[in-house]
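Sequence positions in the sequence shown follow numbering that gives the first Met the number 0 and run 0 to 133. Shown next, in structure tokens, is the structure this report addresses.
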Amino acid sequence: MERNIALDDESCCLCGASLEDMHHLFLQCNSSQLIWAKVAQWVNLNIPVWSLMDSMWAWIDGVPIQDNKRLIMMVIVYSTLWSIWRLRNSYTFRDQKFRKCHVMDNIVVNGFNWLFARFKKKKHVTGRFGYNLL
Ligand SMILES: [Zn+2]
């Protein structure tokens, strides 16, 4: 869909309805909420609808989960935020190469790539690059 939104327009480029701030873009926007719902379905986790980023981080911190699974959850969260940001930029800069239909694939592929890179690094690299998140 072609959108005629000027770059100085402060409305959300995904829905056009609200002032775009990080809370709206990543959590409150209908488009973002649909993405989070798909992520929740994918990971089979009952994810609440957050309205503030602090609420999201607090919920994540409170999930009773093993550290290795928490790392995977954090990768999925960051991958989701990154994909929403890519979608936002695609609409903002009228680069339609990245569309809503690409978001879930992007979340999954980025998540696996980031985890693969992290575990590969842990296994093969030591010393100053051998950080350990677990
Ligand atoms: Zn919006």
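In this text, a Cβ means the ideal position worked out from N, Cα and C, and glycines have one as well. None of these values were measured; they are calculated from a predicted model.
Test: residue i CB closer than 8 Å to a CB of chain D
i: residue 66; result: The structure shown has no chain D; it contains just one protein chain.
Euclidean distance between Cα positions of residue i and residue j
i: residue 106; j: residue 92; result: 21 Å
i: residue 82; j: residue 42; result: 16 Å
i: residue 125; j: residue 116; result: Low local confidence applies: a pLDDT of 43 at residue 125 is under 50, so the model's placement there is unreliable, and no value is given.
i: residue 39; j: residue 45; result: 6 Å
i: residue 12; j: residue 95; result: 13 Å
i: residue 72; j: residue 119; result: 18 Å
i: residue 114; j: residue 70; result: 9 Å
i: residue 75; j: residue 36; result: 13 Å
i: residue 103; j: residue 57; result: 24 Å
i: residue 64; j: residue 53; result: 19 Å
i: residue 14; j: residue 59; result: 26 Å
i: residue 98; j: residue 89; result: 7 Å
i: residue 10; j: residue 55; result: 23 Å
i: residue 108; j: residue 77; result: 12 Å
Spatially closest choice to residue i from the options, by CA coordinates
i: residue 87; options: 75, 101, 74; result: 101
i: residue 19; options: 114, 113, 96, 84; result: 84
i: residue 80; options: 118, 31, 67; result: 31
Burial state of residue i (16 or more Cβ within 10 Å)
i: residue 49; result: buried
i: residue 111; result: exposed
i: residue 21; result: exposed
i: residue 33; result: exposed
**Message:** Using a strict less-than 5 Å threshold between each residue's beta carbon and the heavy atoms of ligand 2, what residues do you get?
**Reply:** What this structure holds is ligand 1, not ligand 2.
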